[in-house]
Amino acid sequence: MRVGARTDVGRLRTSNQDVGFADERLGLFVVADGMGGHNGGEIASQTAVKALVDFPWDTVKEPRDLQEPFARANLAVWQKAGNSESLKGMGTTLTLAKVVGEKVFIGHVGDSRAYVIHGDGCSKQLTDDHSVVGQLVRDGRLTEGEARLHPQRNLLTNALGTHPDVMVDVTSIRPAGDDIILLCTDGLVNEVAVDEMAEICLHSSDLQIAADRLVGLANERGGRDNITVVIFSLK
Ligand code: MG
63 MRVGARTDVG RLRTSNQDVG FADERLGLFV VADGMGGHNG GEIASQTAVK ALVDFPWDTV
123 KEPRDLQEPF ARANLAVWQK AGNSESLKGM GTTLTLAKVV GEKVFIGHVG DSRAYVIHGD
183 GCSKQLTDDH SVVGQLVRDG RLTEGEARLH PQRNLLTNAL GTHPDVMVDV TSIRPAGDDI
243 ILLCTDGLVN EVAVDEMAEI CLHSSDLQIA ADRLVGLANE RGGRDNITVV IFSLK
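Rendered as structure tokens:
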């Protein structure tokens, strides 16, 4: 397996509310982008990822089995938010990839993204953005380019930890040998086009260098948000 991961505060923010996690042994790869005033965003994303890491992953045999780790992560954030006035309303995006045999299960809440990048440079987004602009793009009322500049691009329609229950999208793919799976937060999506992500992943000597270059490029273009990318390939 090849793996690369990097998170960065960016050039405008003072704190990093994103989390990136990659564990080859668990076959678990995660990005989370927290939100909520004060320290809420940071705490929400870290709490959610910790709940996932603690989950007994050998129980996951089918894509629908991802509902349980998401439910636990949701409850962990929801309960922590309920215990403190200053953390009230905090939440996080959560996009994960779990390797199960030759398959990769994807679980997703929010507007972080998962892509599969094929050896020929073609790529496919595996997740729907749970955001107001994401819905407008799916309805054909905004282009992807317009969405990246839209003033309301940060408005989520679904997040983890903001309600006692969470709605999770799950899907499964069987990657071809040289396919690369890329997870990232909107701090990368809003600065770097997917064709550029594919180009960098396919033409870097290893995936850690690719992750470093992607974060570097997002920062060169302004680094307006925290930037996180987690990349892996089964071969
Ligand atoms: Mg963000």
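Quick note on numbering: the sequence shown equals residues 63 to 297 in the numbering used here. Yeah, the Cβ is synthetic: ideal placement off N, Cα and C, and Gly gets one too. Bear in mind the structure is a predicted one, so any value in this text is a computation, not a measurement.
Between which two residues does the beta strand (DSSP E) containing Lys165 stretch?
Against the sequence shown, residue 165 aligns to sequence position 103. Run containing Lys165: Lys165 to Val171, per the beta strand (DSSP E) assignment.
Do you know how far the Cα of Cys184 is from the Cα of Ser174?
On the sequence shown, residue 174 is found 112 positions in, with the first residue counted as 1. On the sequence shown, residue 184 is found 122 positions in, with the first residue counted as 1. Going by the C-alpha atoms only, they are around 20 Å apart.
Please report how far the alpha carbon of Val277 lies from the alpha carbon of Arg286, in whole angstroms.
Counting from one through the sequence shown, the residue named residue 277 turns up at place 215. Counting from one through the sequence shown, the residue named residue 286 turns up at place 224. Using only the alpha carbons, I get a separation of about 12 Å.
Determine the closest residue to Asp85 out of Gly98, Lys112 and Gln129, with distance taken between C-alpha atoms.
Mapped onto the sequence shown, residue 85 falls at position 23. Out of Gly98, Lys112 and Gln129, Lys112 has the C-alpha closest to the C-alpha of Asp85.
Taking buried to mean at least 16 other C-beta atoms within 10 Å of its own C-beta, is Asn220 buried or exposed?
Working through the sequence shown from its first residue, we reach residue 220 at position 158. Buried, because 16 or more other Cβ atoms sit within 10 Å of the Cβ of Asn220.
For Val194, I'd like the list of residues in its chain whose CB is within less than 7 Å of its CB, leaving aside the five on either flank, ordered along the chain.
Locating residue 194 in the sequence shown gives position 132, where the first residue counts as 1. Cβ neighbours of Val194 beyond the five flanking positions: Gln214, Leu217 and Thr219.
Taking 8 Å as the cut-off, does the region 266 to 280 touch the region 244 to 251 (at least 3 CB pairs, one atom from each stretch)?
yes
Hey, Asn78 and Asn288: beta-carbon distance below 8 Å or not?
Residue 78 sits at position 16 when you count from the first residue of the sequence shown. Residue 288 sits at position 226 when you count from the first residue of the sequence shown. The answer is yes: Cβ separation under 8 Å.
Should Asp287 be listed as close to ligand 1, given that the test is whether its C-beta is under 7 Å from any heavy atom?
Sequence index remark: in the sequence shown, residue 287 carries index 225 (1-based). True, at least one ligand heavy atom lies under 7 Å from that Cβ.
Should Met229 and Gly153 be called a contact, given that it needs their Cβ atoms to be closer than 8 Å?
On the sequence shown, position 167 is the one that residue 229 refers to. On the sequence shown, position 91 is the one that residue 153 refers to. Not in contact: Met229 and Gly153 (Cβ atoms no closer than 8 Å).
Looking at the structure shown, is Cys246 part of a helix, part of a strand, or coil, going by DSSP?
For the purposes of this step, residue 246 is taken as the residue at position 184 of the sequence shown. Reduced to three states, the DSSP call for Cys246 is strand.
Using a threshold of 8 Å, state whether the C-beta atoms of Ala260 and Ile293 are closer than that.
Reading the sequence shown from its first residue, position 198 is the one you call residue 260. Reading the sequence shown from its first residue, position 231 is the one you call residue 293. The answer is no: Cβ separation not under 8 Å.
For Ile293, which residues does DSSP report across the bridge?
Here residue 293 refers to the residue found at position 231 when the sequence shown is read from its first residue. Paired residues: Gly66 and Leu244.
If I measure Cβ to Cβ from Asp231 and keep anything under 6 Å in the same chain, skipping five residues before and after, which residues do I get?
By one-based count along the sequence shown, residue 231 stands at place 169. If we look at Asp231 and ignore the five residues flanking it on each side, its Cβ neighbours are His170.
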